[in-house]
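See structure below.
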Amino acid sequence: MKKVITYGTYDLLHQGHINLLRRAKELGDYLIVGVTSDSYDRGRGKLNVRNNVLERVEAVKVTGYADEVIIEDYVGQKIDDIQKYNVDIFAIGSDWSGQFDYLNEYCKVVYLPRTEGISSTQLRAESTVDVKVGVIGCGRVANRFPDEASVVSGIDVCTAYDKDFSKSCEFISKHRIKFCDRDLECFFQKVDAVYIATPHLSHYSLIKKSLEQGKHVLCETPMVLNANEAKELFEYAESKGLILMEANKTAHCPAFNHLIVMVKSGVIGEVVDVEASLSKLWDDDMSLREFDPEQAGGSMYELGSYPLLPIFKLLGTNYQNLNLYSRMQKNVDMYTKGVFRYPHAVCSFKVGLGVKTEGNLVISGTKGYAYVSAPWWKTDYFEFRYEDQNQNKKFFYKWDGAGLRYEIQEFISCIINNRFSTARLRRRESIAMAGVMQQFTNRINFNEL
Ligand code: CTP
Numbered sequence: 000m001k002k003v004i005t006y007g008t009y010d011l012l013h014q015g016h017i018n019l020l021r022r023a024k025e026l027g028d029y030l031i032v033g034v035t036s037d038s039y040d041r042g043r044g045k046l047n048v049r050n051n052v053l054e055r056v057e058a059v060k061v062t063g064y065a066d067e068v069i070i071e072d073y074v075g076q077k078i079d080d081i082q083k084y085n086v087d088i089f090a091i092g093s094d095w096s097g098q099f100d101y102l103n104e105y106c107k108v109v110y111l112p113r114t115e116g117i118s119s120t121q122l123r124a125e126s127t128v129d130v131k132v133g134v135i136g137c138g139r140v141a142n143r144f145p146d147e148a149s150v151v152s153g154i155d156v157c158t159a160y161d162k163d164f165s166k167s168c169e170f171i172s173k174h175r176i177k178f179c180d181r182d183l184e185c186f187f188q189k190v191d192a193v194y195i196a197t198p199h200l201s202h203y204s205l206i207k208k209s210l211e212q213g214k215h216v217l218c219e220t221p222m223v224l225n226a227n228e229a230k231e232l233f234e235y236a237e238s239k240g241l242i243l244m245e246a247n248k249t250a251h252c253p254a255f256n257h258l259i260v261m262v263k264s265g266v267i268g269e270v271v272d273v274e275a276s277l278s279k280l281w282d283d284d285m286s287l288r289e290f291d292p293e294q295a296g297g298s299m300y301e302l303g304s305y306p307l308l309p310i311f312k313l314l315g316t317n318y319q320n321l322n323l324y325s326r327m328q329k330n331v332d333m334y335t336k337g338v339f340r341y342p343h344a345v346c347s348f349k350v351g352l353g354v355k356t357e358g359n360l361v362i363s364g365t366k367g368y369a370y371v372s373a374p375w376w377k378t379d380y381f382e383f384r385y386e387d388q389n390q391n392k393k394f395f396y397k398w399d400g401a402g403l404r405y406e407i408q409e410f411i412s413c414i415i416n417n418r419f420s421t422a423r424l425r426r427r428e429s430i431a432m433a434g435v436m437q438q439f440t441n442r443i444n445f446n447e448l
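The sequence shown begins at 0 in numbering that gives the first Met the number 0 and counts up by one.
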């Protein structure tokens, strides 16, 4: 029996795919089709696939050409599969001509004619109306947004607003954005959604205004510094059928997501301790917004939401108490350590703008621990470690660019699919983060060092 194998994403299955599968099947007696897993596609930067892996597998099966469908999940798997399934012919469309010649060592490689004039990319483009997004606040933070958005499908960053008009002009020319608005009213008329990257204290009113105008909102972290405000805004957004999302890039980081689901599924037993740390030393320029108490400067507001994320994701938001310890300078915290008490666990975090810490994440469980080295908040790697070191396992993922593309993609996906909340950062987790900021502001269980 002559066995043929072929691979693809098979998103929005089209005639080109069907022709390819038919031709591949005609090469032999038995056809194996490898369909890429969702995480494999994300890992190779294909962030815009519409159908999930189950739908894509189903679509391939319905063609009737595949005798067996397998999932392609890692680089190099083709070689393994060819040997494992005793494959005689590897077939793929001619758009890949030459790229799989290295497989000739294992079986015959055939490039089949590709059907002209159709592709999943084209179908995705034709069926999407881009979500028009405007940027509010054209400073340092916003600068990363347009480039990252350019690799996500379904989004058109079309205008920018800053209360300093010259800044928005500079921003749009740098990023080749179509419009630039002097006043918010004109700005809102052009967009379906906004990305807010202004200083913390302006977030609440800008989110409120944007929602009142019927716009979806992605707001930089910390979204607000008060739990009631966060709750109110989420409820208001939902009542208007709008998406409100806090832009916490770590929450959408592929490695971080896998780490969380694996720990939650018990690979290190019951979690008893989470320690997360993040520090970012600035030059001694104390005139920066980050050090200005009037603009909610300081380590806690600036960095706190990142280490709070693994704690809330793994142990939930119902902690019994939280003690805060801060080193203050000119009324801002240059360093804060927080210790959470949970019924059966203790967690701590450290953030510093003026104190350097080892920026790692350690999750300790009853069977082993997870170790994520610095910078864990944008990691592409983590490790599970056990008493018996032979059981230790390392995991590697992809982290492209500045990493904002993952949160932008999720934001657009929430809008297109009418999902009010993302499992990657629950509304209750954002509210709890705002609650911690509020406790810090009110100096509750607060100890100055
Ligand atoms: N294919 C083809 N003719 C087309 C499109 C795809 O023969 N018009 C083949 C590819 O060469 C590959 C298989 O179908 O062997 C699966 O390709 P896939 O990458 O899933 O499809 P595309 O439409 O090329 O997807 P995209 O636009 O996302 O790259």
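All residues carry an ideal CB built from backbone N, CA and C; glycine is no exception.
- Following the DSSP letters along the chain, one finds Thr120 inside the alpha helix (DSSP H) bounded by residues 119-126.
- Comparing C-alpha distances from Lys189 to each of Arg175, Ala159, His199, Lys208 shows the shortest one belongs to Ala159.
- Fewer than three pairs of CB atoms, one per stretch, sit closer than 8 Å, so the stretch 291-300 makes no contact with the stretch 405-422.
- Taking Lys336 as reference, the option from Leu360, Ser276, Val361 with the minimal CA-CA separation is Ser276.
- By alpha-carbon distance to Thr35, the top candidate from Ile242, Gln76, Pro198 is Gln76.
- Counting only unbroken stretches of 3 or more residues, the beta strand (DSSP E) elements lying wholly within the stretch 165-219 are 192-195, 215-219, in sequence order.
- Checking the 6 Å criterion, the Cβ of Tyr39 is out of range of every heavy atom belonging to the ligand CTP.
- Residue pairing by DSSP puts Gln328 in a beta bridge opposite Val331.
- Here Thr220 is actually not in contact with Asn256; their C-beta atoms are around 17 Å apart, not less than 8 Å.
- In terms of Cα proximity to Asn441, the closest of Ala226, Arg113, Val59, Glu67 is Ala226.
- For the pair of segments examined, the stretch 430-438 was found to touch the stretch 227-234: the number of CB pairs separated by less than 8 Å reaches three.
- In the three-state reduction of the DSSP assignment, Gly92 falls in the strand class.
- In this structure, the C-beta of Gly92 approaches the ligand CTP to less than 6 Å from one of its heavy atoms.
- The beta carbon of Gly33 is closer than 6 Å to those of Tyr6, Ile69, Glu71 in its chain, skipping five residues each way along the sequence.
- With fewer than 16 other Cβ atoms from the protein chains shown falling within 10 Å of its own Cβ, Val260 counts as exposed.
- DSSP, read as helix, strand or coil, puts Leu26 in coil.
- Under the three-state reduction of DSSP output, Tyr105 falls in the coil class, being neither helix nor strand.
- The Cβ atoms of Asp10 and Asn50 lie closer than 7 Å to each other.
- In the three-state reduction of the DSSP assignment, Cys346 falls in the strand class.
- According to the DSSP assignment, Ala369 belongs to the beta strand (DSSP E) that extends over 368-371.
- Distances taken from the Cβ of Thr114 to the heavy atoms of the ligand CTP include one shorter than 6 Å.
- The closest heavy atom of the ligand CTP lies less than 6 Å from the beta carbon of Tyr9.
- Spatial neighbours of Asp146 in its own chain (CB-CB distance under 6 Å, excluding positions within 5 residues in sequence) are not present.
- Of Val3, Lys377, Phe290, the smallest CA-CA separation from Ile91 is found for Val3.
- Distance from the Cα of Asn47 is smallest, within the candidate group Gln212, Glu409, Ala433, for Glu409.
- Spatial neighbours of Tyr396 in its own chain (CB-CB distance under 6 Å, excluding positions within 5 residues in sequence) are listed in chain order as Pro253, Ala254, Asp379.
- Under the three-state reduction of DSSP output, Asp155 falls in the strand class.
- One thing to note: Arg123 has its Cβ no nearer than 7 Å to the Cβ of Asp94.
- Annotation: Gly42 to Trp398 spans about 8 Å, alpha carbon to alpha carbon.
- In the displayed model, Asp72 falls within coil according to three-state DSSP, outside both helix and strand.
- In this structure, the alpha-carbon of Gly136 lies about 14 Å from that of Phe178.
- Per DSSP, Phe233 is one residue of the alpha helix (DSSP H) stretching across 226-238.
- Comparing alpha-carbon positions, the option among Gly44, Ala65, Glu57 lying closest to Leu26 turns out to be Ala65.
- Taking 3 residues as the minimum length, the beta strand (DSSP E) runs contained wholly in the stretch 255-336 are 270-278, 320-328, in order along the chain.
- Of all alpha-carbon atoms in Ile443, Asp28, His16, Ser429, the one lying nearest the alpha-carbon of Leu232 is that of Ser429.
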